[in-house]
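Comments concern the structure below.
2 protein chains.
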Amino acid sequence: MYTLYGMSDSGNCYKPQLALEQLGIAYRWVEVRDTRTPEFLAKNANGKVPLLELEDGSFLAESNAILWYLAEDTELAPAGRLGRACALQWMFFEQYSHEPYVAVARSIVRHTPVGSPRRAELPRLRERGHQALGVMEGHLAREPYFVGGAYSIADIALFAYTHCAEDGGIELAPYPAIRAWLRRVHAQPGFVPMR
Amino acid sequence: MYTLYGMSDSGNCYKPQLALEQLGIAYRWVEVRDTRTPEFLAKNANGKVPLLELEDGSFLAESNAILWYLAEDTELAPAGRLGRACALQWMFFEQYSHEPYVAVARSIVRHTPVGSPRRAELPRLRERGHQALGVMEGHLAREPYFVGGAYSIADIALFAYTHCAEDGGIELAPYPAIRAWLRRVHAQPGFVPMR
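The listed protein sequences correspond, in order, to chains A and B. Just so you know, we're using the working numbering here: the first sequence kicks off at 24 and counts up by one. Just so you know, we're using the working numbering here: the second sequence kicks off at 24 and counts up by one.
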């Protein structure tokens, strides 16, 4: 059985959890409080969750790489050579142009006190978050999902922090196509909400 | 024939260029000066290079997604389900934990004047860059390449900005395993240096 090391509050950790649930794969969840302990760094030298432990004891890190591993040859995998590359295009977009703004704004709002100097970063994070949402809105105004007209791991990757963007003060009201897509994801078989 | 839109000075643009050269695939290079023009945004709404135009006129963005597309079913693709996921693990590591520090430090040093306020970011960027290099060093002390003992697109992704990390003031002297790996990459058939 797989073991998934994660933090319940993390959208990155929610991604593989949602895929495992939707694929009906049994797994054990281990809540991690500190990723910089010697014990955890021996599992993932980069000191991050989520981390998937396979049955043979090997480890796989990076939320979107775990999604790829879990989805291969399932209905959550994008089809075709260009479809696979397009899914990765959106998943790299998520990690480079979306998560560092949308997730970090949420983390600062939820985990720093009102007077924290980190809150000075919020206007820039929100501006860049809106840029990412604008790119998504343009795509979703034409297409129901991110790749090939079907729900896939690219949608899971982008759903994880988009659905809770308002936690970080990034309003979704200006994005009707994104809001309709969030509803379509919610309606997928096996959907579970973030813990 | 493929068209690759890029900026010669960019490690992200060097990645697909190196893969195309090593795979012996003909392509046309188009130097891009401004990625925020209406003309370019019509090609890539996220306004970034590299961007690959396929023969059918469709576009693929994100350097590591382009690498994946080009390498599929070639000797540059990692083998096996876990090998593919491990390659993606390192490629997401590159975009999230390496490039935002190593590449950005280099960009600030090369493209901002000595008194620029952006230079205040350099100590933190270099510290985080060294963290990423430390993770790579630990792996390369045990393995010749990033995945499965063979040169692959995971190596190309990490070579792009590691080989020029010193441009940003991130010294490679403390990393003998990385320096040996850089020499192994240089010795690969079809290797071309960054422009």
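Glycine included, C-beta positions come from ideal geometry on N, C-alpha and C.
**OP:** With DSSP collapsed to three states, give me the class of Phe-115 (chain B).
**Re:** In the three-state scheme derived from DSSP, where H, G and I count as helix and E and B as strand, Phe-115 (chain B) is classed as helix.
Original post:
What is the residue span of the alpha helix (DSSP H) that Thr-185 (chain B) lies within?
Top reply: Secondary structure note for Thr-185 (chain B): its alpha helix (DSSP H) is the uninterrupted segment 176-185.
**OP:** Taking only beta-carbon positions, decide if Val-158 (chain B) is within less than 8 angstroms of chain A.
**Re:** Nearest CB-CB separation between Val-158 (chain B) and chain A: below the 8 angstroms threshold.
Original post:
In terms of residues, what are the limits of the alpha helix (DSSP H) holding Arg-142 (chain B)?
Top reply: No alpha helix (DSSP H) contains Arg-142 (chain B), which DSSP labels as neither H nor E.
Original post:
Which of helix, strand or coil does DSSP assign to Leu-163 (chain B)?
Top reply: Reduced to three states, the DSSP call for Leu-163 (chain B) is helix.
Original post:
Excluding the five sequence neighbours on either side, which residues of its own chain have a C-beta within less than 8 angstroms of the C-beta of Asp-57 (chain A), listed in chain order?
Top reply: Hits under 8 angstroms: Phe-63.
Subject >> Residues of the region 111-131 of chain B whose Cβ lies closer than 9 angstroms to any Cβ of chain A, in chain order >> reply: Contact residues of the region 111-131 of chain B toward chain A are Leu-111, Gln-112, Trp-113, Met-114, Phe-115, Phe-116, Gln-118, Tyr-119, Ser-120, Glu-122 and Pro-123 (C-beta to C-beta distance below 9 angstroms).
Subject >> the region 197-213 of chain B touching the region 142-150 of chain B, judged by at least three CB pairs closer than 8 angstroms >> reply: Two segments are said to touch when three or more pairs of C-beta atoms, one from each, lie closer than 8 angstroms; by this definition the region 197-213 of chain B does not touch the region 142-150 of chain B.
Original post:
Looking only at DSSP bridge pairs, what is Leu-27 (chain B) linked to?
Top reply: B:Trp-52 and B:Leu-75.
Original post:
With a cut-off of 8 angstroms, does the C-beta of Tyr-92 (chain B) fall near any C-beta of chain E?
Top reply: Given the protein chain composition of this structure (A and B), no chain E is represented.
Subject >> Cutoff 8 angstroms: Gly-29 (chain B) Cβ touching any chain A Cβ >> reply: Closer than 8 angstroms: no.
Subject >> Endpoints, alpha helix (DSSP H) assigned at Phe-63 (chain B) >> reply: First-last of the alpha helix (DSSP H) with Phe-63 (chain B): 61-66.
Original post:
What residues from chain A crowd round Leu-83 (chain B), counting only those whose CB sits closer than 8 angstroms?
Top reply: Chain A residues near Leu-83 (chain B): Leu-105, Ala-108, Cys-109 and Gln-112.
Subject >> Identity of the residues DSSP links to Ala-42 (chain A) by a beta bridge >> reply: Beta-bridge partners assigned by DSSP to Ala-42 (chain A): none are found.
Original post:
DSSP on Ala-102 (chain A), reduced to helix/strand/coil?
Top reply: Here Ala-102 (chain A) sits in coil by DSSP.
Subject >> Exposed unless 16 or more other CB atoms sit within 10 angstroms - verdict on Phe-214 (chain A) >> reply: Here Phe-214 (chain A) is exposed. Its C-beta has fewer than 16 other C-beta atoms within 10 Å.
**OP:** For Leu-90 (chain A), name the three-state secondary structure that DSSP assigns.
**Re:** It is helical.
Original post:
Would Thr-60 (chain A) be called buried (16 or more neighbouring beta carbons within 10 Å of its own) or exposed?
Top reply: With fewer than 16 other Cβ atoms within 10 Å, it is exposed.
Original post:
At a CB-CB cut-off below 7 angstroms, which residues of chain A make contact with Glu-95 (chain B)?
Top reply: Below the 7 angstroms Cβ cutoff, chain A contributes Arg-104 as neighbours of Glu-95 (chain B), in chain order.
Subject >> Local conformation of Val-127 (chain A) per DSSP, three classes >> reply: Here Val-127 (chain A) sits in helix by DSSP.
Original post:
With respect to the beta strand (DSSP E) encompassing Ala-84 (chain A), which residues constitute its N-terminal and C-terminal limits?
Top reply: Unbroken beta strand (DSSP E) run through Ala-84 (chain A): 82-84.
Original post:
Between the region 90-100 of chain A and the region 148-165 of chain A, do three or more beta carbon pairs fall short of 8 angstroms?
Top reply: Flag = no, the region 90-100 of chain A and the region 148-165 of chain A do not touch.
Original post:
Is Leu-77 (chain A) closer than 8 angstroms to Leu-83 (chain A) when the C-beta atoms are compared?
Top reply: Yes, Cβ-Cβ distance for Leu-83 (chain A) and Leu-77 (chain A) is below 8 angstroms.
Subject >> Alpha-carbon to alpha-carbon, Val-158 (chain A) and His-121 (chain A) >> reply: For His-121 (chain A) and Val-158 (chain A), the distance between alpha carbons rounds to 10 angstroms.
Original post:
Given Lys-71 (chain B), which residues of its chain have a CB within under 7 angstroms of its CB, disregarding the five upstream and five downstream residues?
Top reply: Correct list, in chain order: Thr-58 and Ala-84.
**OP:** Pick out whichever of B:Val-170, B:Pro-216, B:Ile-48 and B:Ala-49 has its Cα sitting closest to the Cα of Leu-5 (chain B).
**Re:** Residue 5 (chain B) cannot be examined here, being either before or after the span of chain B that is shown, 24 to 218.
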